[in-house]
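Engineer:
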Amino acid sequence: MDFDWDCIVVGAGPAGLSAALMLGRARRRVLVLDSGKPRNFAAHAMHGVLGHDGLDPAALRARGAEELSRYGIAVRGAEVDAARPIDGGVELDGETARTLILATGLLDVTPAIDGFDAIYGTSAHTCPYCDGWEHRDERIAVLATVAGFAVHLGRLLRQWSGDVAVLTDGGPGVDAADEESLAAIGVPVVREPVTRFVERDGRLTAIELATRSSSTPGSSRAPCSPRGSAARWTSAAS
Ligand SMILES: Cc1cc2nc3c(=O)[nH]c(=O)nc-3n(C[C@H](O)[C@H](O)[C@H](O)COP(=O)(O)OP(=O)(O)OC[C@H]3O[C@@H](n4cnc5c(N)ncnc54)[C@H](O)[C@@H]3O)c2cc1C
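Next comes the structure, spelled out in structure tokens:
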């Protein structure tokens with residue numbers, strides 16, 4: 040059978056674009072399909088990527104697409120929801136290909152707490168190494184609703200600030216041994232449910248708890264799933 044493409048890549052994030060670039064340079068006929076929902080949609084600048092530190096991630100993707108065009112590879116908008124095998128290849132979105140690469144990434148599960156969406160990417164972050172520097176010496180809170188992450192992240196974030204607290208949001212994220220271990224490094228544990236992240240211009244200014252309003256912020260949170268699990272953190276502007 041004659042296939043339309045040697046390879047269809049689903050996902051035009053850094054992974055999919057990199058795969059397509061190398062295939063294009065190897066003279067493969069490649070189509071990239073993308074739904075336009077990258078994992079880091081909330082990020083305004085990426086960090087720790089050598090040669091691109093501080094670049095808007097959207098600019099990285101645009102650069103990547105431009106590089107692909109030199110090799111005749113197009114990136115087409117499409118939400119792929121099915122693929123079927125045909126004659127040793129695959130058919131999807133009305134196209135056929137000999138091979139398929141799924142580079143669809145991960146989907147973060149953000150906390151369903153009032154005000155979170157407004158601070159995501161400015162005061163609430165998923166990765167200390169990506170955004171910790173920008174919040175060094177600020178008050179930082181770890182939202183650790185999932186067991187097993189509080190001690191790890193509480194300790195880790197002390198690298199960026201001496202003022203770190205762990206919030207459990209009423210969940211089982213911290214047991215007595217964890218709490219003792221965190222107390223030993225000066226990280227308090229706050230067990231009340233979090234009711235709201237208070238913000239001004241997208242910046243966290245306070246965290247409201249079920250029993251009191253805290254001006255000692257900040258924190259976050261929850262799992263990510265394919266399409267994983269990790270506690271996240273939020274930092275408050277000092
Ligand atoms: C808030 C935030 C900040 C971050 N900051 C940094 C940082 O500073 N430095 C750093 O190194 N890393 C950072 N990361 C991590 C970085 O974003 C990821 O490692 C990177 O995006 C992974 O690239 P990827 O190509 O695997 O997935 P993605 O970038 O998520 O791309 C996957 C693509 O697949 C598409 N897709 C998914 N399903 C389908 C489908 N069914 N049909 C069609 N298309 C589909 C999506 O639309 C998306 O465009 C950050 C992550 C987050 C969440």
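Plus 39 on top of the position in the sequence shown (first one is 1) and you've got the working numbering. Every residue gets a Cβ at the ideal spot worked out from N, C-alpha and C, and that includes glycine.
Put Ala245 into one of helix, strand or coil per three-state DSSP.
Structural biologist: The answer is strand: DSSP assigns Ala245 an E or B state.
Engineer: Where do the N-terminal and C-terminal ends of the alpha helix (DSSP H) with Leu107 fall, by residue?
Structural biologist: Looking at the DSSP string, the run of the alpha helix (DSSP H) that includes Leu107 is Pro96 to Ser108.
Engineer: Candidates Leu139, Glu247 and Leu89: which alpha carbon is nearest Val71's?
Structural biologist: Taking only the C-alpha atoms, the option nearest Val71 is Leu139.
Engineer: From Ser254 to Arg235, what does the alpha carbon distance come to, in whole angstroms?
Structural biologist: Per-residue confidence for Ser254 stands at a pLDDT of 49, beneath the threshold of 50, marking its modelled position as unreliable; no derived number is given.
Engineer: Let me check you understand the geometry: is the CB of Val148 closer than 6 Å to at least one non-hydrogen atom of ligand 1?
Structural biologist: Because no heavy atom of ligand 1 lies under 6 Å away, the Cβ of Val148 does not count as near it: no.
Engineer: What whole-angstrom Cβ distance do Ala122 and Glu134 have, given they're in contact under 8 Å?
Structural biologist: The pair is not a contact, with the Cβ atoms about 10 Å apart (cut-off 8 Å).
Engineer: Figure out for me which residue from Leu141, Asp132 and Arg67 has the closest Cα to the Cα of Ala51.
Structural biologist: The candidate whose alpha carbon is nearest that of Ala51 is Leu141.
Engineer: Can you tell me which residues form a DSSP beta bridge with Cys46?
Structural biologist: Answer by DSSP bridge pairing, in chain order: Val69 and Thr138.
Engineer: Apart from the five residues on each side of it in sequence, which residues of its chain come closer than 7 Å, Cβ to Cβ, to Gly278?
Structural biologist: It is not possible to answer for residue 278, since the shown part of the chain is limited to 40 through 277.
Engineer: Relative to the C-alpha of Gly193, which residue among Val148, Gly160 and Cys166 is closest?
Structural biologist: It is Cys166 whose Cα lies nearest to the Cα of Gly193.
Engineer: Tell me the rounded alpha-carbon separation between Pro256 and His174.
Structural biologist: Below a pLDDT of 50, predicted positions are generally treated as unreliable, and Pro256, at 49, falls in that range; no measurement from the model is reported.
Engineer: For Met40, count neighbouring Cβ atoms within 10 angstroms of its own Cβ and tell me buried if that reaches 16, exposed if not.
Structural biologist: Exposed, because fewer than 16 other Cβ atoms sit within 10 Å of the Cβ of Met40.
Engineer: My output table needs one value for Ser254: the three-state DSSP class, helix, strand or coil.
Structural biologist: The predicted model places Ser254 with a pLDDT of 49, which falls under 50 and marks its position as unreliable; any figure quoted below should be read in that light. If DSSP states are grouped into helix, strand and coil, Ser254 belongs with coil.
Engineer: If we ignore side chains and look at the alpha-carbon of each, how far apart do Gly160 and Arg78 end up?
Structural biologist: So the two alpha carbons sit approximately 11 Å from each other.
Engineer: Output yes or no for whether 7 Å exceeds the beta carbon distance between Val48 and Ala58.
Structural biologist: Against a cut-off of 7 Å, the Cβ pair of Ala58 and Val48 comes out as a contact.
Engineer: Decide if Leu146 is buried, meaning its Cβ has at least 16 other Cβ atoms within 10 Å, or exposed.
Structural biologist: By the 10 Å Cβ count, Leu146 comes out exposed.
Engineer: For Ile224 versus Ser200, is the C-beta spacing smaller than 7 Å?
Structural biologist: Against a cut-off of 7 Å, the Cβ pair of Ser200 and Ile224 comes out as no contact.
Engineer: Mind checking whether Ile158 and Leu243 have CB atoms under 7 Å apart?
Structural biologist: In this structure, Leu243 lies closer than 7 Å to Ile158 by Cβ.
Engineer: Below 6 Å, is the gap between the Cβ of His83 and the nearest heavy atom of ligand 1?
Structural biologist: No.
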